[in-house]
Amino acid sequence: MRSIRHGLLTAAGCAALAALSAPAAIAQPTSASQHTRAVEQPTPAVSPTGRTLADAIVPGVPYHLVETRTGRGVDFAARADEDYTLLADSGDRRGTAVVFTKKGDGYTVTSTRSHRSGYDTWCAVDNGIRLARKSECATVWRLSNWYPGFLLEADGKYPTYPAKGRAWLEGHGVDLPAGREFAYFKAVETS
């Protein structure tokens, strides 16, 4: 009887030690209901150099913005006679490079190519992220570190994409419609 009790106490002690030494769970957006998802507190995403991913952005340097969970880069395509941003059709495509320009507490984002000359600056509109002339619309995007990458945020909205179908980027707040996913990015310098 004494050896059984000793064995149980030893097992309980090991379980308690394992629970104390286990890494904390990482916060990610969770489902508040079947139709929306609420955003929780961010967990810092750290680059291999030890800097947070958002802090690693260097203004003026071209980057491919790659959605971390799908491996798909941000590209553009014509929709309603204008260029809009979307995730590339396959995970092996890095999309079109972008350049960040510091403005206030955030950045403007400019695509390095587009279908229409001069229409290359990211502009958040109700139905997506349109490429516009910088003088017409230059949305200031703030970068927030999240696991597994960083989020772009403008006026309380974050780029999202549909889980199925063509992945057009649209801005949504913390109540994410069913069938859409937050776009978590990593910036990959062009070579």
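Each step along the sequence shown adds one to the number in the working numbering, with nothing skipped, and position 98 is 94. Just so you know, even glycine gets a beta-carbon here, dropped at the ideal spot from N, CA and C.
Are the CB atoms of Val94 and Thr117 within a distance shorter than 8 angstroms? no
Tell me where the beta strand (DSSP E) around Cys133 begins and ends. Note, Cys133: premise wrong, no beta strand (DSSP E); not H, not E.
What residue does the beta strand (DSSP E) around Leu147 start on, and which one ends it? 145 to 149
Of all the options Tyr59, Asn123, Trp164, Ala150, which has the alpha carbon lying nearest to the alpha carbon of Ala73? Answer by Cα proximity: Trp164.
Excluding sequence positions up to five away, which residues of its chain have a Cβ less than 8 angstroms from the Cβ of Thr104? Phe96, Thr97, Thr117, Trp118, Lys130, Ala134, Thr135, Val136, Trp137
For Ile125 versus Tyr80, is the C-beta spacing smaller than 8 angstroms? yes
C-alpha gap between Val35 and Ala120, whole angstroms: In this prediction, Val35 has a pLDDT of 44, which is less than 50 and means its spatial position is unreliable; what the coordinates show is noted afterwards. Computed Cα separation, rounded: 20 angstroms.
So who's on the other strand from Arg126, going by DSSP bridges? Tyr80, Cys119
For Leu165, report the span of its beta strand (DSSP E) as first-last. Careful: Leu165 lies outside any beta strand (DSSP E) and carries neither H nor E.
Quick one: what's got a C-beta closer than 8 angstroms to Gly175's C-beta in the same chain, skipping five residues either side? Pro158, Ala159, Lys160
Bridge partner(s) assigned by DSSP for Ala183: Partner(s): Leu61.
Return the CA-CA distance between Ser17 and Asn141, expressed in angstroms with no decimal places. Note that Ser17 has pLDDT 36, beneath the 50 cutoff, so the model's placement of it is unreliable and no number is given.
With DSSP run on the structure shown, which of helix, strand or coil describes Thr39? Note that Thr39 scores a pLDDT of 47, beneath 50, so its modelled location is shaky; the value from the coordinates is reported in the next line. Correct three-state label for Thr39: coil.
Under the rule that 16 or more other beta-carbon atoms within 10 Å means buried, what is Ala76, buried or exposed? exposed
Excluding the 5 residues preceding and the 5 following Ala150 in the sequence, name in chain order all residues of the same chain whose CB lies nearer than 6 angstroms to its CB. Ala120, Thr135, Trp137
Which of the three DSSP states, helix, strand or coil, is assigned to Ala93? In the structure shown, the three-state DSSP call for Ala93 is coil.
Could you check where the beta strand (DSSP E) with Ala52 kicks off and where it finishes? No beta strand (DSSP E) holds Ala52; DSSP gives it neither H nor E.
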